[in-house]
Amino acid sequence: MHDYIDLYCERTEPGLWAEPLNALTNLAFIIAAVMVWRLARQQDRIGTDGFALTALLVAIGIGSGLFHTFANSWSMWLDELPILLFQICFIGLYLNRVVELHWYGVAFGLILFIVTIYGAAALPEHIHEASNGSLGYAPALLALLVLGLYHRVSHATAPYLLLFASGVFLLSLTFRTIDNAVCEQIPFGSHFLWHLFNALLLYLVSRAYLLNR
1066 MHDYIDLYCE RTEPGLWAEP LNALTNLAFI IAAVMVWRLA RQQDRIGTDG
1116 FALTALLVAI GIGSGLFHTF ANSWSMWLDE LPILLFQICF IGLYLNRVVE
1166 LHWYGVAFGL ILFIVTIYGA AALPEHIHEA SNGSLGYAPA LLALLVLGLY
1216 HRVSHATAPY LLLFASGVFL LSLTFRTIDN AVCEQIPFGS HFLWHLFNAL
1266 LLYLVSRAYL LNR
């Protein structure tokens, strides 16, 4: 459980401070969490949903920060699990509170999403390597595009917000994907930009939900 994991361009050696940019940019998730909390409070109620989104944003920032500091198996789990939980939480809340599906409709949507995650994970290893591991986020991007289209045609508040967030997601995934490819030109890589744009993305989707719950 204490093996050393080297996945990103910035890390060239073991050690707690081998990825300073990748570690420090996780503060963006904490900033996003504060902004989501403030928006929820402005609506005169935090609610369990606002609390959950805020808490998961904080968990993402802490978990990713730990992984880019310790770079081992247990910190990788702390990095990946909050991201998955945020995706499930957001999709479930949106389907229930915004689309107003019954519990079985929400359950079907979440099961379909999880199945696509497993489907993406089952693709050949060389495909995952070619995408630098970003392929695993394709189901989330697809889900966001679908919700974004619904958000637009349903005339929701800020109708283009989720579609704009989808564009931000695609940009952030691009920076994640090219990280190792740009090592020779940019020694510290581009993964830190994934953090910054992903924090913006998670704020945007949370905002779209909170404005329409």
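The C-terminal residue of the sequence shown carries number 1278 in the numbering used here, and the numbering is unbroken. Glycine residues also receive a C-beta, built at the ideal position from the N, C-alpha and C atoms.
Reduced DSSP secondary structure (H/G/I, E/B, other) of residue i
i: GLU1190; result: helix
i: THR1077; result: coil
i: ILE1179; result: helix
i: CYS1119; result: According to the sequence provided, residue 1119 is Thr. The question's Cys does not apply to it. In the structure shown, THR1119 sits in a helix (DSSP, three-state: H, G or I).
i: LEU1072; result: coil
i: GLN1107; result: helix
i: ARG1272; result: helix
i: GLY1184; result: helix
i: TRP1082; result: coil
i: SER1280; result: Since the first residue of the chain shown is 1066 and the last is 1278, residue 1280 is not available in this structure.
i: ASN1277; result: coil
i: ASN1298; result: Here the chain covers residues 1066 to 1278 and nothing more, so residue 1298 does not appear.
is_contact[residue i, chain B] using C-beta, thresh 7 Å
i: TYR1073; result: Judged by its chain identifiers, the structure shown contains no chain B, having just a single protein chain.
Other residues of its chain near residue i: CB distance less than 6 Å, five sequence neighbours each side excluded
i: PHE1257; result: LEU1086, ASN1087 and THR1090
i: LEU1160; result: LEU1166, VAL1171 and GLY1174
CB of residue i within 7 Å of CB of residue j, strictly
i: LEU1287; j: PHE1234; result: This structure cannot speak to residue 1287, because the chain is shown only from 1066 to 1278.
i: ASN1263; j: SER1231; result: no
i: ARG1275; j: LEU1150; result: Reading off the sequence shown, one finds Leu at residue 1275, where the question assumed Arg. No.
i: ILE1148; j: ILE1125; result: yes
i: MET1141; j: PHE1132; result: yes
i: GLY1128; j: ASP1144; result: yes
i: LEU1158; j: ASP1109; result: no
Chain-order list of residues whose beta-carbon lies under 8 Å from that of residue i (same chain, five-residue window excluded)
i: LEU1200; result: ALA1185, LEU1188, ILE1192 and HIS1193
i: ALA1083; result: GLU1075, ARG1076, THR1077 and ALA1136
i: GLN1152; result: PHE1178, ALA1205 and ALA1208
i: LEU1269; result: LEU1226, LEU1227, PHE1229, ALA1230 and VAL1233
i: THR1242; result: SER1196, ASN1197 and SER1199
Same chain only: Cβ atoms within 7 Å of residue i, ignoring 5 sequence neighbours per side
i: ASP1244; result: TYR1073, CYS1074, ASN1197, GLY1254, SER1255 and HIS1256
i: ALA1223; result: ALA1273 and LEU1276
i: ILE1095; result: VAL1123 and GLY1126
i: ALA1093; result: HIS1260, LEU1261 and ALA1264
Discussion item. Across the stretch 1180-1193 and the stretch 1204-1215, are there enough close Cβ pairs to call them in contact, namely three or more that are closer than 8 Å?
Written reply: Taking 8 Å as the limit for Cβ pairs, the verdict is that the stretch 1204-1215 does touch the stretch 1180-1193.
Worksheet item: Is the stretch 1071-1080 close to the stretch 1109-1127, with three or more CB pairs under 8 Å?
Response: Flag = no, the stretch 1071-1080 and the stretch 1109-1127 do not touch.
Item to complete: Please specify which runs of the beta strand (DSSP E), each continuous and at least 3 residues long, are wholly inside the stretch 1201-1259, giving them in chain order.
Response: Taking 3 residues as the shortest admissible run, the stretch 1201-1259 contains no complete beta strand (DSSP E) segment at all.
Worksheet item: Does the stretch 1096-1105 come close enough to the stretch 1164-1171 that 3 or more CB-CB pairs lie under 8 Å?
Response: No, the stretch 1164-1171 does not touch the stretch 1096-1105.
Item to complete: Please list the segments of the alpha helix (DSSP H) lying wholly inside the stretch 1113-1177, counting only runs of 4 or more residues, in order along the chain.
Response: For the stretch 1113-1177, whole alpha helix (DSSP H) runs of length 4 or above, ordered along the chain, are 1138-1158.
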